[in-house]
Structures are given as C-alpha cells and as structure tokens.
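Protein chains in written order, with my numbering: chain A, 31 to 489; chain B, 31 to 489. Note that beta-carbon positions come from the ideal geometry of N, C-alpha and C, so glycine has one too.
2 protein chains.
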Amino acid sequence: MYDLVIIGTGPGGYEAIMTALRMGLKIAVVEKNKLGGNCLNRACIPTKYFRTGAHLVEKLSVVNEYGIILGDYKLDYTKAWEGKEKAIGFLRRSLEQLLKAKKTPVYKGTGKIIDKNKVEITKIDGSKETIEAKYILIATGSVPVDIGNIKIDGENVLSTEDYMDRLTSLPEKVLVVGGGVAGCELGYIMNKYGTKVYIVELMDRLLPSPIISTEISRFLHRKFKKLGIQTYFNTTLKEYKISDGKIECKLSNGEEITVDKILLSVGRKPNTDIDTIGIEKDEKGFIKVNKYMQTNFENIYACGDVVNSPMLAHVASYEARIAVNNMFNKEKEEADYSLVPWAIFTAYEIAHVGLNEEQAKSQGIETITGYYPYTYNEKAVDEHESEGFIRLVFEKNSQRIIGASIVGIGASELIHELAFAIKDKYTAKDLHEFIYFHPSLSEILIYATYDIVIGKLFR
Amino acid sequence: MYDLVIIGTGPGGYEAIMTALRMGLKIAVVEKNKLGGNCLNRACIPTKYFRTGAHLVEKLSVVNEYGIILGDYKLDYTKAWEGKEKAIGFLRRSLEQLLKAKKTPVYKGTGKIIDKNKVEITKIDGSKETIEAKYILIATGSVPVDIGNIKIDGENVLSTEDYMDRLTSLPEKVLVVGGGVAGCELGYIMNKYGTKVYIVELMDRLLPSPIISTEISRFLHRKFKKLGIQTYFNTTLKEYKISDGKIECKLSNGEEITVDKILLSVGRKPNTDIDTIGIEKDEKGFIKVNKYMQTNFENIYACGDVVNSPMLAHVASYEARIAVNNMFNKEKEEADYSLVPWAIFTAYEIAHVGLNEEQAKSQGIETITGYYPYTYNEKAVDEHESEGFIRLVFEKNSQRIIGASIVGIGASELIHELAFAIKDKYTAKDLHEFIYFHPSLSEILIYATYDIVIGKLFR
C-alpha cells in the first residue's frame with residue numbers, strides 16, 4: 031500500500047510529488063497523458079515559449095538602435111514549434127528522471143477511485159490494474175469547453191490544446207472566439223508570426239474579468255489595433271460553414287469573414303469523471319473540498335482546476351502543498367486565496383494582485399491610487415520597452431496598499447514585490463521610502479507614490 | 031532667496047529636485063555639465079543601454095529556436111552609441127522640460143559655497159554670479175581616479191567617462207584595468223560588440239567586493255572564459271608604451287600584450303572642491319554628515335558619492351529624499367543602509383542584498399543557505415535564459431532570511447522581493463509557502479527553500 035497516490039501530474043500533481051518525495055513518502059503517480067500535464071505540455075509553458083518568440087520578433091524592429099544591423103530574415107513557425115517541443119521535452123524528462131531516480135512508479139492510464147483506498151487504472155491497451163493507497167490526491171485538472179453551435183473538431187475548429195499539440199504551422203487567417211487570457215495570448219503570438227487575427231468577444235472588452243481593470247483592457251486594445259489584430263466586442267460567432275478548408279464565419283453583428291481556422295478559447299471545465307464512490311461535487315461540477323483541501327472522504331484530497339478556486343497553475347501547486355501537508359502533518363494549513371498573483375503574456379506582460387479600484391469600490395472601500403507610466407523609467411527606456419504603467423490601489427485613510435496592476439515588461443515578476451507589500455500592509459510611504467536599485471523597473475514604486483506621499487508636481 | 035539650492039543634478043540632485051518641487055519649494059539648480067549628472071550621461075544609464083544591446087547580440091544565437099531565421103547581420107557599435115545618445119537625450123530633455131515648466135532656474139557652471147547661505151557660480155565663460163539660499167544640498171558626486179603609473183589621457187588611456195562620452199567606435203583590442211563593476215560591465219559590452227578584451231585585476235577574482243561571494247565570482251569567470259574575455263588575477267599593469275596608436279603593455283606577471291586602448295576602471299573619488307567656508311571632510315576626503323545628512327553647517331546637507339556611504343546612484347537618491355525632508359519637515363528621518371540592493375549587468379545580471387554567507391560568518395552569525403539553479407525554472411527555460419542561480423542565506427536557528435544573491439535574468443528586479451522579505455523577517459517557510467505566479471522566475475523561491483522547509487530530495 032502506498033502512502034499516497036497522486037492522480038494527474040500537472041502543476042498540482044507535480045508539486046505534490048516534490049513535497050511527498052521530500053517528506054520521504056512512498057508514492058505512486060497516475061497519468062493518462064504526458065507527464066507534466068496540461069500546463070507543461072499544452073498551456074502555460076508552451077504559451078510562454080511562443081510568447082518569448084513573438085516578443086523577440088517585435089524586438090527585431092529596435093535592434094538597429096543597438097547597432098545590430100539585420101539583413102533579411104524570415105519567420106518559420108514550424109521551427110518555433112520544434113523549439114517549444116525541445117523546451118517542454120527537457121522539462122518533462124527532468125521530471126521523468128527524478129521519478130526514476132526516486133523509484134516512484136508511474137501508472138500510465140486513466141485513474142478511477144473505486145474505493146476510498148483504491149485507484150483502478152485503465153491503461154492505454156485497455157488492461158486494468160488496481161493500486162492501494164492510504165491517501166489519494168485528485169489533481170486531474172480541466173478540459174476546454176466548447177459552446178453551443180461551435181464544435182471543436184481538432185482540424186478546422188481548434189481548442190487551445192489542439193493549438194499546442196498539433197498546429198505545427200500557422201493559418202493565414204484565424205478567428206479567435208473569446209478575448210480572454212488564452213485568446214489574447216495566442217492571438218498575439220499568431221499575429222507576430224504573420225497570421226491575420228480576428229477576435230470575437232461576447233463582452234465589451236478584452237480580458238473581461240473582474241480582476242482586470244477597464245484601464246488595462248483599453249490599453250491592450252489600443253496596442254492590438256496597432257498590431258492589426260481585429261477585435262469585435264459584444265459579438266459572437268453566429269454560424270460558420272467549412273468548405274475546401276476555408277471557414278466562412280457569420281458574426282452576430284452581421285459581418286462575414288473567411289478564415290482558415292477557428293480557435294475556441296472560451297474557458298475550461300473540471301475533469302471530474304474520477305470516481306465511483308460518491309465524491310461530492312458542487313453545483314458547478316467542481317469537487318467539493320474544505321479549507322484543508324479534503325473531500326467528503328477524509329483520506330481523499332483534491333487540488334487545482336477540479337476544485338472551485340482560481341483556475342491557475344500556481345493555485346493548484348499551492349493547494350497541493352497544503353493537501354500533502356494536511357495528510358501527513360499534525361499542524362494543519364488552510365488555503366488562503368487573498369493574495370494570488372495573476373499574469374498574462376500577450377502584446378504586453380500584464381499582472382495583477384489584490385484588489386483593483388473597481389473591485390475595491392464594489393466592496394465599499396474608499397481608495398486612492400498611485401499611477402506611473404513606464405515612459406520615464408530609465409531601465410525601460412534603456413531596453414526600448416517604455417510602453418506600460420503601474421496602478422497602485424491604497425485604502426484611503428490608512429494609505430495601506432490593497433492592490434496593484436502592472437502593464438509592461440517585468441510585470442509578472444514585479445507583481446510579487448507588491449504581493450509581499452500587500453501581505454505586510456505597506457503604506458504608500460513605506461513603498462516610497464524603500465531603496466530600489468537604480469536603474470530598475472522597481473523604482474517605479476517611488477514615482478507611483480510621490481503624489482500621495484509628498485505632493486503633486488502640478489496642482 | 032531660494033528655499034533650496036541644489037548643486038549637482040545626478041541621481042541625488044534629481045531626486046532632491048523631484049521632492050522639493052512636490053513640496054512646493056522655491057529652488058534653484060547648479061550644474062556644471064549636462065543635466066542628469068554622471069549617472070544619466072556617463073554611467074548607469076548608458077551602461078545599461080549598451081548592455082541591453084550586448085545581451086541582444088548574445089540572444090541572436092538562440093532566435094532560430096523561436097523560428098526567427100536570420101540572414102547575415104553585422105554589428106555597428108557607432109549606431110549603438112547613437113542609440114544610447116538618443117535614449118539619454120530623451121531622459122535629459124524630460125528633466126529640462128520639467129524644470130522649465132516649473133520655472134526652476136538652472137545655473138550652468140561650477141558652484142562654490144562661499145557663505146553658509148551663498149553659492150557662487152562660475153560659468154563656462156568665466157563670469158560669476160552669486161545666489162542665496164536658506165538651504166544648500168551638495169550633490170556633486172565623484173570623479174574617476176587614476177593610479178600611480180597609469181594616467182588617463184582621454185585618448186589612449188580612457189576613464190569610464192571617456193568611454194561613454196567619446197568612444198564612438200570600439201578598439202580592436204582593449205586592456206581593462208580593474209575587474210570590478212565597471213570593468214566587468216564594459217568588458218562584457220566590448221566583448222559582445224567584437225573587441226578582444228583583456229582584464230587585469232589586482233585581487234584574486236572578478237568583482238572583488240565583500241558583498242560578492244566567491245561563488246558568484248567563479249560563476250562569472252567561467253562565463254568570461256567561454257566568451258573569450260581574458261582575465262589576469264593578482265596582476266597589475268606594470269608599464270606601457272604608446273607608439274603609433276598601439277599600446278604595448280607589460281603586466282606584473284611578465285606577460286606582454288599589445289592593445290589599442292587601455293580602460294581604467296579602478297574606482298572613483300568624491301568631488302569635494304565645493305566650498306571656502308570649512309565644510310568638514312573625513313580622513314578619506316568625503317564630506318562629513320550626520321545621520322540626517324547634515325554637514326557641520328546646519329543648513330547645508332550633502333548626499334551621494336560625496337559622502338562616505340555606498341557609492342551607488344540609488345543610495346544618493348535615498349539620501350537626497352532624506353536630506354530634503356530633514357530640511358523642511360519637523361519629523362526627521364535617518365539614513366539606514368542595512369538594506370541596499372546592489373546589481374551589476376555584465377555577462378550575467380547579478381544582484382545582492384543583505385549578507386552573504388561569508389559576511390555572515392565574519393559577523394559570527396550561524397547560517398543555513400538555500401540554493402536553486404535557473405536550469406529547471408520553466409520561465410527561464412522558455413526564455414533560453416537558464417544559466418544562473420539563487421543563493422538565500424538564513425540565520426540558522428530562526429530560519430529568517432538575512433541575505434540573498436541572484437545570478438541570472440531578472441536578478442536586479444527579483445532582488446527587491448528578497449529585500450522586502452529581509453525587511454519583514456520572513457522565514458524560509460514564509461518564502462516557501464507564498465503563492466508565486468506560474469511560470470515565473472520568482473517561483474525559484476519555492477524551490478530554493480524546499481530543502482530547509484520540507485526536506486532534501488536525496489539524503
């Protein structure tokens with residue numbers, strides 16, 4: 031009997047493996063697909079790989095300012111795809127090698143919990159095997175959803191996973207359905223590699239999420255316009271017809287566009303076809319867990335996209351650490367989602383933590399904000415990366431920071447400074463008076479707090 | 031009579047201007063050279079500009095992994111130099127325009143304090159003008175030193191300032207005297223733009239400073255070797271002879287090398303020829319100030335390289351904010367140098383804050399350290415930037431963080447997270463359990479603390 035069987039090796043399963051092995055536990059792993067799960071193989075990591083490439087393509091337009099005089103160059107997305115495979119292959123093999131070195135069995139197949147201590151694995155060849163465990167962690171993640179009239183077929187109409195798994199060369203024209211994270215990330219990538227990109231979004235803006243301020247949506251939208259990415263808001267794809275490899279699309283606003291592929295990026299649903307023993311789910315289909323990440327079976331825990339918390343890789347990892355701790359340690363830990371940093375890599379790096387102005391307002395919190403553009407930040411200027419801004423949100427009376435949004439280079443790292451600052455209840459003055467390296471992007475914190483702490487330049 | 035006259039507009043003067051204008055003070059500025067001082071015009075900012083270029087040159091070797099297929103390209107350092115001039119010109123004009131908009135007089139010339147409330151300015155044409163001020167801030171910075179037998183002539187033997195001001199094209203071969211910050215930064219830049227670089231260093235390693243661990247020096251040295259930068263430790267330039275534009279150099283180890291230029295980067299000295307009224311200096315020639323940044327004249331303050339604190343731009347800015355506050359506000363602030371982040375941009379980005387292992391040991395502090403290489407960090411892999419590591423230093427019993435060193439991409443920003451963590455006495459567990467965005471470089475903090483918090487993978 032294993033101490034712990036982990037079903038799924040995405041960011042939740044991965045972190046559970048790391049923690050459990052370091053705790054000296056006897057574990058086994060069940061994975062129906064590639065090690066590393068969706069995040070490593072078909073989402074976070076390959077997306078950021080391609081985004082690095084897309085941003086480098088954009089960067090080529092300024093390299094002459096650094097005395098790099100390029101001749102002709104061409105873009106070969108297939109090469110980028112191969113590079114992506116190499117990068118994620120390296121990371122996957124690192125995990126494989128670790129499991130091998132630690133003699134951890136990996137059961138390749140679909141796991142089903144058939145008893146509170148038993149997981150039945152159905153292998154690719156149809157054969158079954160049952161293993162026993164004191165504890166079980168469900169980390170089976172999520173799958174893309176399709177909507178109403180638009181059916182993912184993996185050929186003409188792609189899910190984001192199809193995109194990563196199979197699209198080794200890009201279409202000439204693409205319609206992206208959904209202007210959320212995946213739509214904005216993949217839309218930018220395709221744009222920079224030469225595809226004509228159309229995005230339809232049901233809501234009235236890009237990234238229509240409460241944590242994203244309208245200020246950010248507008249800023250990104252202006253950039254998309256410059257890049258030639260065509261967006262349709264308050265619009266849906268009404269119907270489409272595929273003929274001779276071309277897709278004629280009718281939008282709800284009456285416009286018609288012909289594209290080569292449709293990319294559907296409208297969200298994901300939990301992958302909870304996992305048991306025969308009555309593990310409870312909530313009304314949305316997520317596995318119900320308490321604050322210790324425990325299901326209605328005391329030895330069965332769940333983490334990541336299968337539970338109803340932010341569908342983010344790092345939330346899955348965080349929950350996995352908590353789950354494994356709570357299985358084996360007396361001192362229990364509770365999940366706390368008040369400080370989850372969030373970032374997306376599209377035409378800009380965008381990051382957020384805590385509350386934005388609109389969220390604070392809706393909670394009845396009076397705020398003051400600090401703003402500073404990247405325009406005059408010396409480091410940003412040195413890097414020809416001076417598009418962007420920071421918006422800090424403070425509770426008005428205490429001047430304590432409660433949220434931060436950053437758009438621009440480095441945003442996804444800088445956001446952690448602000449997360450620490452929120453955790454430790456820094457005031458605008460604390461941020462203003464700290465010593466930041468010069469020149470650094472972090473210095474923006476001095477300037478974004480000047481108005482509040484010292485006074486305005488122009489009154 | 032002005033409320034405040036600021037002598038020098040480097041990072042100290044600049045920050046004093048920002049603070050004073052926002053406080054609504056009537057100020058005047060004295061600058062003998064270009065607005066923005068040394069940091070903007072001939073040090074920090076142009077160095078990071080060229081370093082961005084040098085790193086981009088290095089990056090060209092991996093762009094094919096992103097499907098960017100380059101044809102022939104060439105490097106034209108003169109174009110890079112022009113780009114640098116544009117970038118710093120933009121920043122300088124921003125300051126000029128602000129001063130103009132705020133109707134702040136700029137006295138171009140050398141300021142001398144001839145009375146505790148009077149500054150005499152000697153203009154470029156030799157004419158003199160005297161202005162009066164309630165308070166005076168001395169922010170006159172520092173100048174490069176030469177040593178013994180090596181005389182800066184601005185033609186064959188260059189200071190780092192000569193390098194920035196005049197070297198519009200690079201020599202074929204250069205001898206850099208001094209393997210400290212400026213030597214390693216400019217040495218890397220010249221190397222990537224095609225110059226054969228030799229570095230002689232009196233001490234036994236690159237970056238021979240107590241805050242830089244020998245681990246970092248070794249790591250950088252390995253990279254320099256790969257890049258073909260030739261280093262000589264425990265070595266000095268014994269003598270040299272200039273003939274026909276070539277410089278024959280004899281090193282103290284007996285070797286002889288012929289180069290086109292010598293770049294002297296062995297340090298700087300305070301620029302304190304500033305008064306006739308007896309402002310006190312210390313035995314090293316720095317202006318003496320108390321913890322409020324006040325000289326022996328109660329209305330005259332000093333900040334930056336002229337006082338005996340770390341010779342760093344951001345320390346100057348920090349001191350300037352304190353000085354201006356202490357002049358005009360009742361609540362006095364004291365300078366605290368316990369958390370000064372430090373970074374250098376050479377073949378790697380290297381950053382440090384707090385104590386390293388060796389420093390802690392010399393202070394009798396028992397430590398444990400956390401280490402993690404960039405190798406397996408997904409973000410670093412995605413960016414083909416996986417050379418680097420982090421070393422965290424904790425006080426052994428409390429497991430509270432007391433220092434951090436980072437080598438690799440993003441180091442100069444990430445270091446601020448650690449600075450916040452040290453300030454707030456985070457334990458290894460605090461760092462381990464925080465939620466970091468995935469994938470981010472910041473996640474390294476989870477992995478660098480695993481051994482300490484959970485246990486080792488292999489015992």
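Rounded distance between the beta-carbons of residue j and residue i, thought under 8 angstroms
i: arginine 351 of chain B; j: glutamate 61 of chain B; result: Rounded, the Cβ-Cβ distance is 19 angstroms, inconsistent with contact.
i: isoleucine 229 of chain A; j: leucine 237 of chain A; result: With 8 angstroms as the limit, isoleucine 229 of chain A and leucine 237 of chain A do not qualify as a contact, their Cβ atoms being about 11 angstroms apart.
i: serine 470 of chain B; j: glutamate 349 of chain A; result: About 18 angstroms separates the two Cβ atoms, so there is no contact after all.
i: isoleucine 380 of chain B; j: valine 437 of chain B; result: 5 angstroms
i: isoleucine 168 of chain A; j: alanine 332 of chain A; result: 4 angstroms
i: arginine 122 of chain B; j: leucine 70 of chain B; result: 6 angstroms
i: phenylalanine 254 of chain A; j: alanine 377 of chain A; result: 6 angstroms
i: isoleucine 445 of chain A; j: isoleucine 432 of chain A; result: With 8 angstroms as the limit, isoleucine 445 of chain A and isoleucine 432 of chain A do not qualify as a contact, their Cβ atoms being about 14 angstroms apart.
i: histidine 382 of chain B; j: serine 295 of chain B; result: Incorrect: roughly 19 angstroms between the Cβ atoms, too far for contact.
Alpha helix (DSSP H) segment containing residue i, residue limits
i: isoleucine 482 of chain B; result: 480-483
i: alanine 46 of chain A; result: 41-52
i: glycine 119 of chain B; result: 107-131
i: aspartate 460 of chain B; result: 458-463
i: tyrosine 348 of chain A; result: 343-358
i: threonine 244 of chain B; result: 244-257
i: serine 273 of chain B; result: Taken as a continuous stretch (DSSP letters only), serine 273 of chain B belongs to no alpha helix (DSSP H), being part of the beta strand (DSSP E) at 267-273.
i: isoleucine 452 of chain A; result: 441-453
Burial state of residue i, where buried means 16 or more other Cβ atoms lie within 10 Å
i: aspartate 305 of chain B; result: buried
i: lysine 116 of chain A; result: exposed
i: glycine 3 of chain B; result: The structure shown does not extend to residue 3 of chain B, since chain B is modelled only from 31 to 489, so the question has no answer here.
i: leucine 475 of chain A; result: buried
i: glycine 213 of chain A; result: buried
i: glycine 54 of chain B; result: exposed
i: methionine 220 of chain B; result: buried
i: leucine 487 of chain A; result: exposed
i: glutamate 523 of chain A; result: The displayed coordinates of chain A run from 31 to 489. Any statement about residue 523 of chain A would go beyond what the structure contains.
i: phenylalanine 375 of chain A; result: buried
Residue i - DSSP class collapsed to helix/strand/coil
i: valine 383 of chain A; result: strand
i: alanine 377 of chain A; result: coil
i: lysine 311 of chain B; result: strand
i: glycine 101 of chain B; result: coil
i: valine 370 of chain A; result: coil
i: serine 295 of chain A; result: coil
i: alanine 434 of chain A; result: strand
i: alanine 365 of chain B; result: coil
i: alanine 73 of chain B; result: coil
i: tyrosine 223 of chain B; result: coil
i: aspartate 145 of chain B; result: strand
i: glycine 67 of chain A; result: helix
i: glutamine 389 of chain B; result: helix
CB contact flag (residue i, residue j, <8 angstroms)
i: tyrosine 466 of chain B; j: proline 371 of chain A; result: yes
i: alanine 50 of chain B; j: valine 354 of chain B; result: yes
i: proline 240 of chain A; j: threonine 225 of chain A; result: no
i: glycine 184 of chain B; j: aspartate 176 of chain B; result: no
i: isoleucine 317 of chain A; j: isoleucine 309 of chain A; result: yes
i: leucine 205 of chain B; j: leucine 197 of chain B; result: no
i: threonine 77 of chain B; j: glutamate 413 of chain A; result: no
i: leucine 128 of chain A; j: glycine 66 of chain A; result: no
i: isoleucine 154 of chain B; j: valine 35 of chain B; result: no
i: valine 423 of chain B; j: alanine 390 of chain B; result: yes
i: glycine 315 of chain A; j: threonine 325 of chain A; result: no
i: isoleucine 37 of chain A; j: isoleucine 144 of chain A; result: no
i: tyrosine 262 of chain B; j: glutamate 231 of chain B; result: yes
Residue i, enclosing beta strand (DSSP E) - first and last residue
i: phenylalanine 424 of chain A; result: 419-425
i: serine 189 of chain A; result: 187-189
i: glutamate 159 of chain B; result: 158-168
i: isoleucine 37 of chain B; result: 32-37
i: serine 172 of chain B; result: 172-174
i: tyrosine 477 of chain A; result: Element bounds for tyrosine 477 of chain A: not the beta strand (DSSP E) but the alpha helix (DSSP H), 474-477.
i: glutamate 285 of chain A; result: No beta strand (DSSP E) holds glutamate 285 of chain A; DSSP gives it neither H nor E.
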